[in-house]
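Letter 222 of the sequence shown, counting from 1, is numbered 225 in our numbering, and no numbers are missing.
Glycine residues also receive a C-beta, built at the ideal position from the N, C-alpha and C atoms.
Note that the structure is a prediction, hence the values are computed from the model and not measured.
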Amino acid sequence: GEKLYSLFDAYLRHIPGGVGIATIFTCAVLAAMCGTSVAIAAMVGAFAFSNLKKYGYSLPLSMGIVAGGGALGILIPPSVPMIIYSAFSEESTGKLFISGIIPGLVGVALFSIYTAIAYSRGKERINAKKVTWGERIKATKEGIWALLVPLGIIVPLYAGWATPTETAAIGILWSLIVGLFIYKEITFKDIFPILEEGVLSSVMVLFIICGAMVFGNAATQIGLSEMIKSFAVSSLSPISFIIITILVLLVMGMFLEGASIMLIVLPIFLPTLMGFEVNLIWYAVILVIGIEIGLLTPPVGLNLYAVDGIAKSLGYPSNLTIAIKGTLPFMLLYLATQILVLIFPQLALWLPSMMK
């Protein structure tokens with residue numbers, strides 16, 4: 004993560020908001036490696052906060068950048084929520100993964116523009132010294148290996164050379180090679196704890212899927228799904244129902260984390276969406292962006308607590324109010340991204356339609 008950050012920082016530091024934009028880019032690339040949001044926010048915050056402070060970024064803006072950028076982890080592939088969604092909808096996991104790329108890049112662009120504007124209007128901004136080409140070449144040599152990891156995952160998946168499971172294996176193998184032999188930041192003794200942690204994460208996802216299926220069967224048996232489907236199809240238009248689901252996700256995101264939300268809503272929403280003949284891949288992106296907004300929404304926004312905890316551990320005078328103040332603009336930008344995907348479905352559907 005730090006080498007990626009140094010790479011982007013070397014090329015972007017001299018432009019307005021460049022250090023913050025480098026942080027967002029780092030979050031986006033890490034999102035293409037691990038598929039979780041809270042871990043990315045915590046990891047990036049640990050090494051980015053000090054650099055952001057050094058160049059005059061206010062604490063709220065710094066926390067917003069890290070929390071907002073970290074939330075990209077569940078939209079840009081690979082994505083744990085997309086795996087759960089695939090189990091419910093029986094849509095292709097590969098196509099669901101790829102559907103998040105363009106909306107994710109739209110989010111990165113909006114965050115970068117906002118960061119540049121917010122930093123330029125700040126009172127404590129510091130003009131960064133231009134980085135020499137020697138420093139850039141050094142940063143490129145160190146960071147390029149990490150940058151190749153997401154390409155090794157996304158390109159084979161998009162080209163149809165490998166299944167999602169196979170691309171995951173490719174990503175793990177490449178990460179181990181880079182960590183062991185190039186960066187030398189892990190040893191062979193670390194491999195078993197790493198695999199153990201991976202198994203625990205995978206088992207958690209499997210338990211969520213099992214619980215969701217039980218709930219889905221229960222909702223079907225008592226007729227809840229069919230009742231909502233019959234009412235919605237007879238009384239609402241498809242777009243009206245989708246807007247209602249977005250509002251439901253916004254409210255639920257204030258009180259529940261993403262997996263719990265999916266566990267509750269998917270058995271109810273999906274039959275109705277299929278009744279409306281809504282493209283389920285398109286809706287998956289809308290749903291996941293809604294969960295991203297929930298990660299930034301108090302009182303249970305997990306990314307808020309992640310960046311607040313990291314900031315406090317580094318000695319910054321942080322509290323949850325400061326975190327909320329900083330992340331509010333990014334929450335609104337996620338909402339803007341969601342609206343763009345709602346208006347322009349091809350943002351989510353074009354790449355999957357081109358897959359082999």
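Phe347, DSSP secondary structure in three states = Position 344 of the sequence shown, counted from the first residue, corresponds to residue 347. Secondary structure at Phe347: coil, using DSSP grouped into helix, strand and coil.
message = Taking only three categories from DSSP, how would you classify Val281?
response = Within the sequence shown, numbered from 1, the residue matching residue 281 stands at position 278. Coil.
query = What span of residues does the alpha helix (DSSP H) with Thr143 cover, start to end?
reply = If you number the sequence shown from 1, residue 143 lands on position 140. Element bounds for Thr143: Trp136 to Ala162.
query = Can you tell which of Met257, Asn322, Trp285 and Lys328 has the C-alpha that lies nearest to the C-alpha of Pro302?
reply = On the sequence shown, position 299 is the one that residue 302 refers to. Out of Met257, Asn322, Trp285 and Lys328, Met257 has the C-alpha closest to the C-alpha of Pro302.
query = Quick one: Cα of Ser233 to Cα of Leu331, how far?
reply = Position 230 of the sequence shown, counted from the start, is the residue given in the question as residue 233. Position 328 of the sequence shown, counted from the start, is the residue given in the question as residue 331. Roughly 37 Å between the two C-alpha positions.
task = For Ile225, I'd like the list of residues in its chain whose CB is within less than 6 Å of its CB, leaving aside the five on either flank, ordered along the chain.
result = Your numbering for residue 225 matches position 222 in the sequence shown. Residues of the same chain with a CB within less than 6 Å of the CB of Ile225, apart from the 5 flanking positions on each side, do not exist.
ask   = Does the separation of the CB atoms of Lys289 and Gly261 fall below 8 Å?
value = Working through the sequence shown from its first residue, we reach residue 289 at position 286. Working through the sequence shown from its first residue, we reach residue 261 at position 258. The sequence as given places Ile at residue 289; Lys does not occur at that position. Their beta carbons are not under 8 Å apart, which means Ile289 does not touch Gly261 by this criterion.
query = Any idea what DSSP makes of Tyr186, helix, strand or coil?
reply = For this step, residue 186 is matched to residue 183 along the sequence shown. Here Tyr186 sits in coil by DSSP.
When Ile18, Phe28 and Ser263 are compared against Phe210, the one with the closest alpha-carbon = Here residue 210 refers to the residue found at position 207 of the sequence shown. For the residues Ile18, Phe28 and Ser263, the minimum Cα distance to Phe210 belongs to Ser263.
task = Consult DSSP for Lys132 and reduce its assignment to one of helix, strand or coil.
result = Position 129 of the sequence shown, counted from the start, is the residue given in the question as residue 132. The three-state reading of DSSP puts Lys132 in coil, since its state is none of H, G, I, E or B.
task = Assign Leu151 to one of two classes, buried (16 or more other C-beta atoms within 10 Å of its C-beta) or exposed (fewer than that).
result = Stepping through the sequence shown from its first residue, residue 151 is reached at position 148. Exposed, since its Cβ has fewer than 16 Cβ neighbours within 10 Å.
task = Indicate the three-state DSSP secondary structure (helix, strand or coil) for Ile24 in the structure shown.
result = Against the sequence shown, residue 24 aligns to sequence position 21. Of the three classes helix, strand and coil, the one that applies to Ile24 here is helix, per DSSP.
query = Which residue from Leu10, Met230, Ala34 and Leu305 puts its Cα closest to that of Gly137?
reply = Counting from 1 along the sequence shown, the entry for residue 137 is found at position 134. Of the listed residues, the one whose Cα sits closest to Gly137 is Leu10.
request  = Whole angstroms is fine: what's the gap from Val217's alpha carbon to Met85's?
outcome  = Your numbering for residue 217 matches position 214 in the sequence shown. Your numbering for residue 85 matches position 82 in the sequence shown. Within the model, the alpha-carbon separation for Val217 versus Met85 is close to 19 Å.
query = What three-state label does DSSP hand Asn322 in the structure shown?
reply = As a working mapping, residue 322 is identified with position 319 in the sequence shown. In the structure shown, Asn322 sits in coil (DSSP, three-state: anything other than H, G, I, E or B).
ask   = What's the C-alpha gap between Lys315 and Ile180?
value = To locate residue 315, count along the sequence shown from 1; it is residue 312. To locate residue 180, count along the sequence shown from 1; it is residue 177. Cα to Cα, the separation comes out at about 34 Å.
Beta carbon of Ile43 nearer than 8 Å to that of Leu55 = Counted from its first residue, the sequence shown places residue 43 at position 40. Counted from its first residue, the sequence shown places residue 55 at position 52. For the pair Ile43 and Leu55, the CB atoms are not nearer than the 8 Å cut-off.
task = Please state if the CB of Leu7 and the CB of Thr29 are separated by a distance shorter than 8 Å.
result = What you label residue 29 is simply residue 26 of the sequence shown in a count that begins at 1. What you label residue 7 is simply residue 4 of the sequence shown in a count that begins at 1. Yes, Cβ-Cβ distance for Thr29 and Leu7 is below 8 Å.
task = Name the two residues that bound the continuous alpha helix (DSSP H) containing Ala119.
result = As a first step, residue 119 must be located in the sequence shown, where it is residue number 116. Here the alpha helix (DSSP H) through Ala119 covers Ile104 to Ser123.
ask   = Going by Cα to Cα distance, which pick from Trp164, Pro153 and Ile296 is closest to Leu176?
value = As a working note, residue 176 is residue 173 in the sequence shown. Among Trp164, Pro153 and Ile296, the Cα nearest to that of Leu176 belongs to Pro153.
message = For Val41 and Ala35, what's the separation of their Cα atoms in angstroms?
response = Counting from 1 along the sequence shown, the entry for residue 41 is found at position 38. Counting from 1 along the sequence shown, the entry for residue 35 is found at position 32. Here the C-alpha atom of Val41 lies approximately 14 Å from the C-alpha atom of Ala35.
ask   = So Gly110 and Leu266 are in contact, right, with Cβ under 8 Å, and what is the actual spacing, rounded?
value = By one-based count along the sequence shown, residue 110 stands at place 107. By one-based count along the sequence shown, residue 266 stands at place 263. With a beta-carbon spacing of about 25 Å, Gly110 and Leu266 fall beyond the 8 Å limit used to define contacts.
ask   = In whole angstroms, what separates the C-alpha of Pro19 from that of Phe52?
value = Here residue 19 is taken as the residue at index 16 of the sequence shown, counted from 1. Here residue 52 is taken as the residue at index 49 of the sequence shown, counted from 1. So the two alpha carbons sit approximately 17 Å from each other.
key: As assigned by DSSP and simplified to three states, the class of Ala165   = Here residue 165 is taken as the residue at index 162 of the sequence shown, counted from 1. Coil at Ala165, not helix or strand.
task = Could you check which residue in Ala165, Phe333, Ala309 and Leu317 has the C-alpha nearest to that of Met323?
result = Here residue 323 refers to the residue found at position 320 of the sequence shown. Note that residue 323 is Leu in the sequence shown here, rather than Met. Among Ala165, Phe333, Ala309 and Leu317, the Cα nearest to that of Leu323 is on Ala309.
task = Tell me whether Cys37 is buried or exposed, calling it buried when 16 or more other Cβ atoms sit within 10 Å of its Cβ.
result = Mapped onto the sequence shown, residue 37 falls at position 34. Answer is buried; the Cβ neighbour count reaches 16.
inquiry  = Considering Cα atoms alone, identify which of Leu354, Thr300, Ser356 and Ala351 is closest to Ile71.
reply    = Locating residue 71 in the sequence shown gives position 68, where the first residue counts as 1. The sequence as given places Gly at residue 71; Ile does not occur at that position. Nearest option by C-alpha distance: Thr300.
message = So, for Leu283: in the same chain, excluding its five sequence neighbours on each side, which residues have a beta-carbon less than 6 Å away from its beta-carbon?
response = To locate residue 283, count along the sequence shown from 1; it is residue 280. The residues are Ser92 and Glu94.
inquiry  = Which runs of the alpha helix (DSSP H) at least 4 residues long sit entirely within the region 226 to 283? Give them in chain order.
reply    = Listed in chain order, they are 227 to 238, 241 to 256 and 261 to 278.
inquiry  = Between the alpha carbons of Thr340 and Asp12, how many angstroms are there, rounded?
reply    = To locate residue 340, count along the sequence shown from 1; it is residue 337. To locate residue 12, count along the sequence shown from 1; it is residue 9. Cα-Cα distance, rounded: 25 Å.
ask   = Nearest to Asn220 by alpha carbon, out of Gly278, Leu269, Ser115 and Ile327?
value = As a first step, residue 220 is located in the sequence shown; it is residue number 217 there, counting from the start. Considering only alpha carbons, the answer is Leu269.
request  = Find the nearest neighbour of Ala74 within the set Met46, Phe191, Glu5 and Gly182, judged by alpha-carbon distance.
outcome  = On the sequence shown, position 71 is the one that residue 74 refers to. Residue nearest to Ala74 within the set Met46, Phe191, Glu5 and Gly182 is Met46 (criterion: CA-CA distance).
request  = Would you mind working out which of Ala90, Leu298 and Ile105 sits nearest Val69, comparing C-alpha positions?
outcome  = Locating residue 69 in the sequence shown gives position 66, where the first residue counts as 1. Comparing Cα positions, the closest option is Leu298.
ask   = Whole-angstrom Cβ separation of Phe2 and Phe279, contact assumed at under 8 Å?
value = Since the displayed the chain opens at 4 and closes at 359, residue 2 lies outside it and no answer follows.
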